[in-house]
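Sequence positions in the sequence shown follow my numbering and run 1 to 367. Even glycine gets a Cβ: it sits at the ideal position worked out from N, Cα and C. Because the structure is a prediction, the values reported are computed rather than measured. First comes the structure, then the notes that go with it.
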Amino acid sequence: MDAQEEDRTERIIDRLGYPVVIGEDVIGALRTWFATTEKRRVVVLADAHPPVAQRAHAVCAALANLDAPVLVPLGEKRKHLSTVADVYDFLARKGVARDTLVLGIGGGVASDLFGFAAATYMRGVPYAHIATSLVAMVDAAIGGKTGVNLPYGKNLVGTFTDPQAVFCDLFALETLPYRHIREGLAEVVKAAIIEGGEFFEMLEELAPFSFVDWPWLRIVEAAVDLKSMIVCDDRLEHGDRALLNLGHTFGHALERASDYRITHGAGVALGLRAAGLLALRTGRFSKAEHFRVLALLALLGMPLRTTVPAQAIADAMFHDKKKRAGVLRFVLPRAIGDVDFGVRVSNKQLLATLSQLGREPEQPSSR
Ligand code: GLY
């Protein structure tokens, strides 16, 4: 990478038909975007979680066209239709119409839920999102998926609706506690397994260092680049977009089976181990590559073992919306940088893999 590349403080990826702006100066980026787009009334919704609320107030105070944000308590357990109903009430009381832009601020739950409310209120009002968490920057806010959970499973209600713009707020990222960063890292590792090559090697090199020293612009850019390339070719998930679910069929089931005590990031990390184990068991992945993934996840402090019983995970999986015609299909690696989707396995192979997930991670020397 040359010095000019190294000095960049912002990157705009516009392959998806809307800009994804990655940088620390989200206020400057919003100002530029507002100046170059149609003048509209803007209503701001933000996650009430204190660091996000604080950031949302600072952003709104700095921009003349924005009123103070409306704060909505979120979290995975509030990602359901009654929270959406609260948002609809607010939008109606504010007289929001199709000529109003709804600007959401927050992490993955915020982009899914506010995006869903905007996509369905009055059959759709324009929406833009400021992503304040790593999960939102590298996954949830990119690609137009919106939705909420039902008691039967995660993200069972939703739409594919593109936002007008996404701003990845690296300043907010740097102010978040490490545990929030770690939450998003599983999605970054997932993207790096799909992409392979330099992306995966970069994470291996960075893993021993403190997150403070990580080049977040490059990391978020690499993940958004990969996701936007995949989504660009398959917006509605008829094919390759399913690759992005690597680790997620396991992860969502673990979240649900643990009544969301296992967070999304932890579920995906465990899901990446499980996908590697199932790929090994079905003879498509090498031990050497599996250990490379495990070593990276371990260095990043990700959970690799669960106390949730194998049968409870399997039961939750059969509720997963990715179940097709009664058959679960998996996204499994062949190698780092070569991942298959739509793979069918036997229930026996699946249960044996889930049982392994309750045991200590395998070691390179183990047989
Ligand atoms: N989170 C996976 C996708 O957007 O397709």
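Assuming the contact rule is C-beta atoms closer than 8 angstroms, residue i and residue j should be a hit. Round their C-beta distance to whole Å, please.
i	j	result
I27	V21	Rounded, the Cβ-Cβ distance is 12 angstroms, inconsistent with contact.
T161	G124	7 angstroms
Q349	L278	7 angstroms
L66	V42	6 angstroms
L270	A207	Wrong, their Cβ atoms sit about 18 angstroms apart, outside the cutoff.
G104	V135	About 14 angstroms separates the two Cβ atoms, so there is no contact after all.
A310	L272	Contact flag wrong, Cβ pair sits at about 17 angstroms.
V220	V166	That belief does not hold up - the Cβ atoms of V220 and V166 are roughly 11 angstroms apart, past 8 angstroms.
L217	A191	About 15 angstroms separates the two Cβ atoms, so there is no contact after all.
G23	E10	3 angstroms
T132	G107	6 angstroms
T249	L351	The Cβ separation is near 14 angstroms, so there is no contact.
K77	Y260	6 angstroms
Following the continuous alpha helix (DSSP H) through residue i, name the residue where it begins and the one where it ends.
i	result
R334	Run containing R334: none in the alpha helix (DSSP H); it sits in the beta strand (DSSP E), 329-335.
V59	50-62
V102	Careful: V102 lies outside any alpha helix (DSSP H), inside the beta strand (DSSP E) at 100-106.
R40	From DSSP, R40 is part of no alpha helix (DSSP H); its letter is neither H nor E.
G251	248-257
V345	It is not in any alpha helix (DSSP H) - V345 carries neither H nor E in the DSSP assignment.
S82	81-93
K287	287-299
V268	264-281
Does the beta-carbon distance from residue i to residue j come in below 7 angstroms?
i	j	result
G147	D112	yes
A46	P69	yes
L294	P215	no
H264	L280	no
V331	N245	yes
T159	A119	yes
A368	A253	Beyond the ends of the chain as shown, which are 1 and 367, falls residue 368; an answer cannot be given.
L101	P73	no
G196	G337	yes
L243	I194	yes
C232	R15	yes
Since residue i sits in a beta bridge, which residues does DSSP pair it with?
i	result
E10	G23
G147	G158
F167	V21, I130
D315	Paired residues: none, contrary to the question.
G124	According to DSSP, which records beta bridges pairwise, G124 is partnered with nothing at all.
D340	L332
The beta strand (DSSP E) with residue i in it runs from where to where?
i	result
H368	In the structure as shown, the chain begins at 1 and stops at 367. Residue 368 is therefore absent and cannot be evaluated.
L71	70-72
Which runs of the beta strand (DSSP E) spanning at least 3 residues fall entirely within the stretch 192-230, listed in chain order?
-> Complete beta strand (DSSP E) runs here, min 3: none at all.
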